[in-house]
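Below: the structure, in structure tokens.
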Amino acid sequence: MAAFAPPPGTADIFPAESGSWRFLENTASQVFSSYGYGELRTPIFEYTEVFQRGLGGETEVVQKEMYTFEDRGGRSLTLRPEGTAGVMRALTNTDVANGTEQRVFYYGPMFRGERPSAGRRRQFHQIGVENVGRCAPLIDAECIAMLHNFLLKAGITGAEFTINTRGVAADRAPAEAALREYFAKHIDSMCPDCRTRLERNIWRILDCKQEDCRKIIEGAPDYVEFFSDESKAYFEEVKTALTRLNVPFKVSSRLVRGLDYYVHTVFEVTHNALGEQIAIAGGGRYELFLPGEKRPIPGVGFAAGVERLLMVREALGAPVSGGAAADCFLIGLDGASRMENLILADELRRAGKSVALELEERSFKAQMRAANRSQAPFTLIRGESEMAQKIAIIKKMDDGSQCEVAESDLLNYLLEHI
Ligand code: HAM
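Heads up: the sequence shown begins at 1162 in the numbering used here, then just goes up one per residue.
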């Protein structure tokens, strides 16, 4: 059969891998629940303006990467490129606007039209959380510590946390002026994108991945110096709390994050198994305007990339968990025994056993091969002669020993032994 691959940047997740995905989701759900978070499921597509307004029109994601299409009525819709904007849209319908705190987590597919490469997909999956409605440095620290705990519980040791502050809107003008003065001097040796960024959104320059630009960025002034005393104190308290919580981190004023909604604390997590350019998780504090609200609603959160977490787990030699093996495999060598096997499998499954069986007419050899492949520890075998004697043969696969069991005892025998 000719191979028919899915579109570039997407992948099929087969049963051999999906156990590891479920493990990560279950671990996330356990850890996040212990901090009072509940799961929120939002639609996979939203009205385009949810992301345009939420993430900022100048961001790379909005400008170049969104999958946008029109619905039948001509309204513009977009496959979600991230989770935060949709969560905030959903929370419009709750009393979060009145200052009630909401703690939610989510997982699921996100879509960005990026150039696919190792660890970069067009459909990827995030596990994320949002703590909405409150603003305090200790909340930011608790959120980062929760991510740290989750990674450890997920078997990911050696993750590196980098944090920074983006200040608040009022802090930015003096900081921007210092950055503009510096970059204006070097702009001729920078990439065309950075030239545009100098005019339109200077912070994006700090995020540029081009090697020549990176060298110039290294020499940029430490703009945090220009932030207000309140913003600096906020950041100090986050750092103190993280130290008290034993979360190791480093501080880098080059970390600005690719989305426009951030204020105060931002953070990113990398792992040396994947290198510095590929973050396994990122997040920060943000302010987002809910439709119809005059004041922005504060929140803090993060998202981790599931594919990237799995790559790190693999590099660390963590076991890959696939689908569980069946408890018993049923072989039927004629039509009547296959019918009885179907009924028996149904009874066993209702009693909580996991059963695999062959229901099509196939040779004994082929069915035995399937039984071996299934890794079930027991195989039941019956054909015309066993049916006539009202018995079945039960074979123990590890030592090859077998016994005959009367049809009338079969269900009880299997429930007891397999
Ligand atoms: P982000 O940094 O854009 O943040 O994405 C979070 C994580 O998603 C990344 O660290 C990475 O692991 C994964 N990721 C992003 N793009 C791709 C891709 N193309 N292929 C594979 N993995 C990818 C956000 O999305 C924010 N909404 C996080 C947040 C929540 N901030 C506050 N609350």
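Beta carbons: idealized from backbone N, C-alpha and C, even for Gly.
{"query": "As assigned by DSSP and simplified to three states, the class of Leu1313", "result": "helix"}
{"query": "Counted within 10 angstroms of its Cβ, other Cβ atoms place Ala1440 as buried (16 or more) or exposed", "result": "buried"}
{"query": "Asp1301 classed as buried or exposed, judged by whether at least 16 other C-beta atoms fall within 10 angstroms", "result": "buried"}
{"query": "Three-way DSSP call (helix, strand, coil) for Met1162 in this model", "result": "Confidence is the limiting factor: at Met1162 the pLDDT is only 46, short of 50, which leaves the residue's position unreliable, though a coordinate-based value still follows. DSSP places Met1162 in coil when its eight states are reduced to three."}
{"query": "Ile1337, enclosing alpha helix (DSSP H) - first and last residue", "result": "Before going further, note that residue 1337 is Glu rather than Ile in the sequence given. Element bounds for Glu1337: 1330-1347."}
{"query": "Rounded separation between Lys1370 and Leu1518 - CA only", "result": "54 Å"}
{"query": "Neighbour-count burial assignment, Val1293, 16 or more Cβ in a 10 Å radius", "result": "buried"}
{"query": "Cβ distance (whole Å) where Asp1421 is taken to contact Thr1220 below 8 Å", "result": "6 Å"}
{"query": "8 Å contact criterion, which Thr1203 and Tyr1267 should meet: CB distance rounded", "result": "7 Å"}
{"query": "Cβ neighbour criterion (16 or more within 10 Å) applied to Met1162", "result": "Model confidence at Met1162 stands at a pLDDT of 46, short of 50, so the residue's coordinates are unreliable; what they give is reported in the following sentence. With fewer than 16 other Cβ atoms within 10 Å, it is exposed."}
{"query": "Straight-line Cα distance separating Asp1495 from Met1227", "result": "56 Å"}
{"query": "Among Phe1193, Ile1492, Lys1514, nearest to Ile1555 - alpha-carbon criterion", "result": "Ile1492"}
{"query": "Three-pair Cβ contact test at 8 Å for the stretch 1508-1524 versus the stretch 1306-1315", "result": "no"}
{"query": "Inter-residue spacing [alpha-carbon to alpha-carbon] between Leu1571 and Lys1526", "result": "23 Å"}
{"query": "Option in Gly1170, His1309, Arg1543, Met1548 with minimal Cα separation from Gly1443", "result": "His1309"}
{"query": "Residue closest to Leu1367, alpha-carbon to alpha-carbon, out of Phe1175, Arg1361, Glu1379", "result": "Glu1379"}
{"query": "Spatial neighbours of Pro1382 in its chain, beta-carbon cut-off 6 Å, leaving aside the 5 residues before and after", "result": "Ala1339, Tyr1343"}
{"query": "The ligand HAM heavy atom lying under 7 Å from the CB of Glu1448", "result": "no"}
{"query": "Gln1287: CB within 7 Å of a non-hydrogen atom of the ligand HAM", "result": "yes"}
{"query": "CA nearest to the CA of Arg1327, picked from Trp1364, Gln1213, His1286, Ala1402", "result": "Trp1364"}
{"query": "Beta-bridge pairing of Val1399 - partner residues as DSSP gives them", "result": "According to DSSP, which records beta bridges pairwise, Val1399 is partnered with nothing at all."}
{"query": "Same chain, Cβ closer than 7 Å to Gln1528, five either side skipped, listed in chain order", "result": "Ile1492, Glu1519"}
{"query": "Ala1597 beta carbon near the ligand HAM (any heavy atom closer than 7 Å)", "result": "The structure shown has nothing for residue 1597, since the chain only spans 1162 to 1579."}
{"query": "Closest Cα partner of Ser1535 within the set Ile1504, Lys1514, Ala1512, Asp1488", "result": "Asp1488"}
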